[in-house]
Amino acid sequence: MTLGMEKVLASGYDQALARIPEALRTEGFGVLTEIDVADTLKKKLGVDFRRYRILGACNPLLAHQALQARLDVGVMLPCNVIVYEDDDGRAVVTAVDPMQTAAAQQDARIRGVAEVVRPKLQRVLAQLQ
């Protein structure tokens, strides 16, 4: 079971990283943060890890709507998208499923925003190959 919405690509990690920002832009998202997990683990723990990035994507309009509904929803922002290299060298991209969050389950106002975000992220994944 995947914790988000996952797509295994035919392309490799570098190609996926290059394509994701534009795919996100088509749905009104930008990349606010980027964490190189492998580099961080190497520097902090001295361990090797597969190529793995966490991209913090934000759609300002939808983030604003969610924050107007509940200020504490910020703990779930931005929408994380992960990219990693699988054992076969292919890229795996997983986006958060906003409908799986506790806030979407408990608050109708947040659920309404999540219902808009989810298909946007699904379309982003569909653009990637």
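According to this note's numbering, the residues represented by the sequence shown are 40 to 168, in order.
Glycine residues also receive a C-beta, built at the ideal position from the N, C-alpha and C atoms.
Own chain partners of residue i with C-beta closer than 6 Å, once the 5 adjacent residues on each side are dropped
i	result
residue 120	94, 96 and 134
residue 52	90, 124 and 130
residue 150	143
Among the options, the one whose alpha carbon lies nearest that of residue i
i	options	result
residue 136	158, 122, 146 and 126	158
residue 139	153, 113, 132 and 147	153
residue 63	144, 126 and 118	118
residue 60	108, 72 and 49	72
residue 142	126, 113 and 165	113
residue 65	103, 84 and 98	98
Limits of the alpha helix (DSSP H) - the one that residue i falls within
i	result
residue 151	147 to 166
residue 63	52 to 64
The beta strand (DSSP E) enclosing residue i, as first and last residue numbers
i	result
residue 124	118 to 124
residue 129	129 to 134
residue 75	69 to 75
residue 92	91 to 97
Inter-residue CB distance, residue i and residue j (contact presumed, cutoff 8 Å)
i	j	result
residue 7	residue 55	For residue 7 there is no data in the structure shown, the boundaries of the chain being 40 and 168.
residue 100	residue 67	7 Å
residue 108	residue 146	7 Å
residue 102	residue 116	6 Å
7 Å Cβ shell around residue i - same chain, five flanking residues per side excluded
i	result
residue 75	92
residue 164	44, 46, 132 and 134
residue 58	167
Close beta carbons around residue i, own chain, < 8 Å, minus the five adjacent residues each side
i	result
residue 41	133
residue 86	80
Check: residue i C-beta below 6 Å from any heavy atom of the ligand FMN
i	result
residue 121	The ligand FMN is not part of the structure shown, which contains no ligands of any sort.
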